[in-house]
Ligand SMILES: Cc1ncc(COP(=O)(O)O)c(C=O)c1O
């Protein structure tokens with residue numbers, strides 16, 4: 008059901024659809040198919056597969072609640088649940104572009120998306136130009152007669168570089184292009200790209216939406232119902248990366264605390280980032296809500312907090328970074344982000360190994376860069392952990 012109210016109220020109530028027993032929590036509808044009372048009733052549903060429940064590769068009552076909740080939180084018409092963030096990104100792009108079309112994308116992207124656009128879609132004849140989407144002049148200069156859409160992440164993984172959402176939408180509208188934005192790092196708590204005119208928002212729900220590190224999941228939320236239906240019918244149903252009902256259950260549970268989790272992630276991350284920038288062993292820190300960050304003014308205009316991710320460069324480079332990471336006790340070495348636990352990863356040797364060295368360096372992903380997903384622990388304990396580990400650099 009649709010719920011009026013603030014973000015926290017919506018996190019708890021939006022999308023809920025009490026079943027015939029009045030279950031407070033959405034049950035896990037562990038079913039692949041749905042029984043019809045007659046062929047006529049079945050035929051009616053099959054006229055339009057984007058509504059109703061026909062087969063769980065399209066949707067399912069557990070997924071439906073999650074999709075509607077996400078659509079409300081992102082101010083969109085409808086969400087489409089996928090088995091992973093990459094499922095959502097691939098499903099969205101293959102629904103919206105065809106061979107011969109051209110995509111403008113951020114040069115700094117999550118490495119899986121980078122590979123999808125640079126290699127996989129390219130093999131099927133989809134052209135692309137990668138530009139710094141933080142540079143609006145570069146975005147506009149990349150527009151070609153066959154450009155179909157602009158794809159960007161803000162904040163970008165792993166550099167925390169911001170793109171000006173309103174500026175990109177203005178260019179897109181001027182040239183009749185669609186826009187797709189990956190809002191994983193911000194979550195709907197911190198920014199709603201659809202409010203700026205973006206057409207589709209995608210998420211790796213594996214991260215903040217879930218918040219507990221126990222699922223792989225994704226979603227696409229479209230501003231227009233027609234676009235959401237196109238993604239469901241084209242990029243989900245005929246490809247098959249559908250979310251499992253149990254995953255939707257865990258996501259709905261995680262979403263109920265999204266607001267309070269994001270508050271703590273942001274508070275902790277700002278404290279850690281402010282401490283890091285004063286340390287002599289740190290060469291640079293990127294965190295959008297640090298007043299010294301180049302994206303600070305933009306962050307204030309399009310985000311309601313800085314996110315939970317901080318990236319920093321260890322002055323002693325690769326070996327220094329490794330020594331630091333290997334001596335952390337509270338922080339855990341792991342990819343992914345948005346969990347309760349603080350996770351640290353080294354993009355050059357972990358998440359971004361698929362990106363060619365020259366490209367990686369040009370994107371600012373240096374050998375010494377460390378990405379820290381600041382968790383929900385006490386910030387002082389995280390700072391003490393970094394401090395003791397820094398003695399080994
Ligand atoms: C910004 C961003 N988008 C998409 C993905 C892919 O999500 P998933 O791992 O859920 O497929 C990730 C994964 O780290 C990511 O960081």
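In our numbering, the protein residues as written are 8 to 400.
All C-beta atoms in this analysis are idealised placements derived from N, C-alpha and C, irrespective of residue type, glycine included.
Bear in mind the structure is a predicted one, so any value in this text is a computation, not a measurement.
Asked                                                                                                                                                              : Found
Given 7 Å as the limit, tell me if residue 348 has its C-beta closer than that to any heavy atom belonging to ligand 2.                                            : Only ligand 1 can be found as ligands here, which leaves ligand 2 out of the picture.
May I ask whether a heavy atom of ligand 1 can be found less than 7 Å away from the beta carbon of residue 343?                                                    : yes
Starting from the N-terminal side, write out each stretch of the beta strand (DSSP E) that is 3 residues or longer and does not extend beyond the stretch 329–383. : 350–352 and 376–380
Quick check: does the Cβ of residue 164 come within less than 7 Å of any heavy atom belonging to ligand 1?                                                         : yes
Can you say whether residue 111 is buried or exposed, counting buried as having 16 or more other CB atoms within 10 angstroms of its CB?                           : buried
For residue 40, does the count of other Cβ atoms within 10 angstroms reach 16, so buried, or fall short, so exposed?                                               : exposed
Out of 94, 362 and 324, which has the shortest C-alpha to C-alpha gap to residue 397?                                                                              : 324
With burial defined as no fewer than 16 other Cβ atoms inside 10 Å of the residue's Cβ, what is the status of residue 11: buried or exposed?                       : exposed
Would you mind sorting residue 221 into buried or exposed? The rule is 16 or more other CB atoms within 10 Å of its CB.                                            : exposed
Pull up the DSSP beta-bridge partners for residue 320, would you.                                                                                                  : 291 and 376
For residue 185, does the three-state DSSP call read helix, strand or coil?                                                                                        : strand
Taking residue 65 as the reference, which of 245, 96 and 186 has the closest Cα?                                                                                   : 245
In the structure shown, what three-state DSSP assignment does residue 326 receive?                                                                                 : helix
Rank 225, 152, 226 and 158 by C-alpha distance to the C-alpha of residue 103 and give the top, closest one.                                                        : 158
Once you ignore the five residues that flank residue 348 on each side, which residues in its own chain have a CB closer than 6 Å to its CB?                        : 339 and 382
Looking at residue 189 and ligand 1, is the gap between the Cβ and the nearest heavy atom below 7 Å?                                                               : yes
Do you know offhand how far residue 264's Cα is from residue 193's?                                                                                                : 15 Å
Using C-beta distances below 7 Å, list every residue in its chain close to residue 341, excluding the 5 sequence neighbours before and after it, in chain order.   : 350 and 352
Out of 49, 283 and 198, point me to the one whose CA is closest to residue 170's CA.                                                                               : 198
Is it true that the stretch 231–242 meets the stretch 277–293, where meeting means three or more beta-carbon pairs spaced less than 8 Å apart?                     : no
CA-CA distance, residue 86 and residue 337?                                                                                                                        : 36 Å
Cα-Cα, which of 29, 218 and 149 is closest to residue 179?                                                                                                         : 149
Following a CB-centred definition, is residue 192 positioned closer than 7 Å to any heavy atom of ligand 1?                                                        : yes
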